[in-house]
Amino acid sequence: MFAYTFKRLLLMIPTLFGIMVLNFVIVQAAPGGPVEQMIARIKGHSTEATSRISGATTDTGTMQNSSTMRATPLDTSNSSYRGAQGIDPEIIARMEKMYGFDKPPAERFWDMIKSYAQFDFGSSFFRDEPVIDLILDKLPVSISLGLWTTLLVYLISIPLGIVKAVRDGSRFDIWSSAVIVIGYAIPSFLFAILLIILFAGGSYWQIFPMRGLVSDGFETLSWWQQILDYAHHMVLPITAMVLSGFASLTMLTKNSFLDEIGKLYVLTARAKGLTERQVLTRHVFRNAMLIVIAGFPGALLRILFTGALLIEVIFSLDGLGRLGFEAAINRDYPVMFGTLFIFTLLGLVFNLIGDLTYVLVDPRIDFERRA
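Take the working numbering: the last position of the sequence shown gets the number 451, and nothing is skipped along the way.
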């Protein structure tokens, strides 16, 4: 198993490199880069933009003031940036150098990869903070949503799926399937809106807070009050994600158990006089739960980094999903590629953990021998 794990770890390097290359090419081809974003801010009379550019010094001297940039009609017909008409080409050159666009794409990519290999992700273009600090600052919110949602989904789906498999075709199976279909069909953000209307003062009861991870003055509370306050804020967003997330896993569990129950070894166990409970616990459970338990790392990763975006926006939770979305909108390339690198690396590691979980659940599986 050590040799298999080592090979998978080595394979992560070209896989990660290929994903970064592909996304870098796509992003470079997309219009509206950071230079164009800054041009739009300048023309929109954004004091933040003009002060940011004015603070960037180069060897060619000090920069013209922002009013001159906007007022002076200049020939920028050769500029590759949309909306650059009326802006001094020297200003464009300064912006390119500030964002690193004075270098060829291949050189920029190579510099980025060398920095990322040392886990140096640079600083955000528009937040003036190191990318790693931004990620670490948003990580607790995403971990809170992802971890608790995944645990609750598994705690609900596995017992429900087992009962549905054992009582296949019964009234319970039919009615629970109807609930599952509703949960599968309605996305989490619609559940979130409904919960806000019902329980967060939207139209009916004001029971739970609608925004934030904790209340103001959280630091002044005792430890048990902090736990209660945190749980109070997490009820609605986690409930919305669980309601829309348990359906697929429940049906996967049911179908997995039904598939195992119909196999020959189960009939043999019953013929030997084992009770139905003994058949399920000693034989069926381990084989049926193999795919369900092994999928836990991947399920956690999907919920952690992709499933919570709209929930974070609706409940004003400042997590990684929202950070990545805002970075994509603003073309904040260091944040975009930094989060992409970390998410991809975690995804590859979690996939490896999922494969190794197969062996923990069923020692009969030997990936190394198959390889």
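Glycine is no exception: its CB is placed at the ideal position from the N, C-alpha and C atoms. Bear in mind that the values here come from a model prediction, so they are computed numbers and not experimental data.
Reduced DSSP category for residue i - H, G, I as helix; E, B as strand; rest coil
i           : result
residue 210 : strand
residue 198 : coil
residue 280 : strand
residue 250 : coil
residue 295 : coil
residue 257 : helix
residue 204 : coil
residue 436 : helix
Residue j beta carbon less than 8 Å from that of residue i
i           : j           : result
residue 226 : residue 383 : yes
residue 218 : residue 334 : no
residue 41  : residue 311 : Absent from the model: residue 41. The displayed extent of the chain is 81 to 451, so no value can be given.
residue 196 : residue 114 : no
residue 221 : residue 356 : no
residue 44  : residue 246 : Outside the shown range of the chain, which is 81 to 451, sits residue 44, and nothing can be said about it.
residue 293 : residue 224 : yes
residue 346 : residue 372 : no
residue 290 : residue 281 : yes
residue 324 : residue 377 : no
residue 238 : residue 331 : no
residue 418 : residue 106 : no
residue 104 : residue 189 : yes
residue 381 : residue 438 : no
residue 388 : residue 434 : no
residue 329 : residue 248 : no
residue 314 : residue 228 : yes
residue 242 : residue 322 : no
residue 390 : residue 279 : no
Inter-residue spacing [alpha-carbon to alpha-carbon] between residue i and residue j
i           : j           : result
residue 409 : residue 173 : 23 Å
residue 258 : residue 265 : 11 Å
residue 366 : residue 201 : 43 Å
residue 273 : residue 316 : 10 Å
residue 425 : residue 96  : 7 Å
residue 185 : residue 85  : 34 Å
residue 117 : residue 288 : 39 Å
residue 206 : residue 407 : 9 Å
residue 256 : residue 87  : 44 Å
residue 368 : residue 420 : 34 Å
residue 309 : residue 286 : 15 Å
residue 350 : residue 359 : 7 Å
residue 133 : residue 398 : Caution is warranted here: a pLDDT of 49 is assigned to residue 133, below 50, making its placement in the model unreliable, and the coordinate value is therefore given only provisionally. Distance between the alpha carbons of residue 133 and residue 398 is about 28 Å.
residue 253 : residue 81  : 41 Å
residue 429 : residue 394 : 30 Å
residue 141 : residue 111 : Below a pLDDT of 50, predicted positions are generally treated as unreliable, and residue 141, at 38, falls in that range; no measurement from the model is reported.
residue 422 : residue 344 : 45 Å
residue 121 : residue 176 : 15 Å
residue 352 : residue 240 : 28 Å
residue 210 : residue 432 : 29 Å
residue 379 : residue 436 : 15 Å
residue 295 : residue 271 : 23 Å
residue 231 : residue 90  : 31 Å
residue 187 : residue 99  : 17 Å
Residue i burial status per 10 Å Cβ neighbour count (16 or more: buried)
i           : result
residue 108 : exposed
residue 191 : exposed
residue 414 : buried
residue 213 : exposed
residue 427 : buried
residue 250 : exposed
residue 336 : buried
residue 101 : exposed
residue 402 : buried
residue 412 : buried
heavy atom of the ligand FAD below 7 Å from residue i C-beta
i          : result
residue 86 : As far as ligands go, the structure on display features none, and thus does not contain the ligand FAD.
Host alpha helix (DSSP H) of residue i (start-end)
i           : result
residue 83  : 82-109
residue 334 : 303-341
residue 21  : Since the first residue of the chain shown is 81 and the last is 451, residue 21 is not available in this structure.
residue 354 : Run containing residue 354: none; DSSP gives neither H nor E here.
residue 174 : 169-179
residue 397 : Here residue 397 belongs to no alpha helix (DSSP H), and DSSP marks it neither H nor E.
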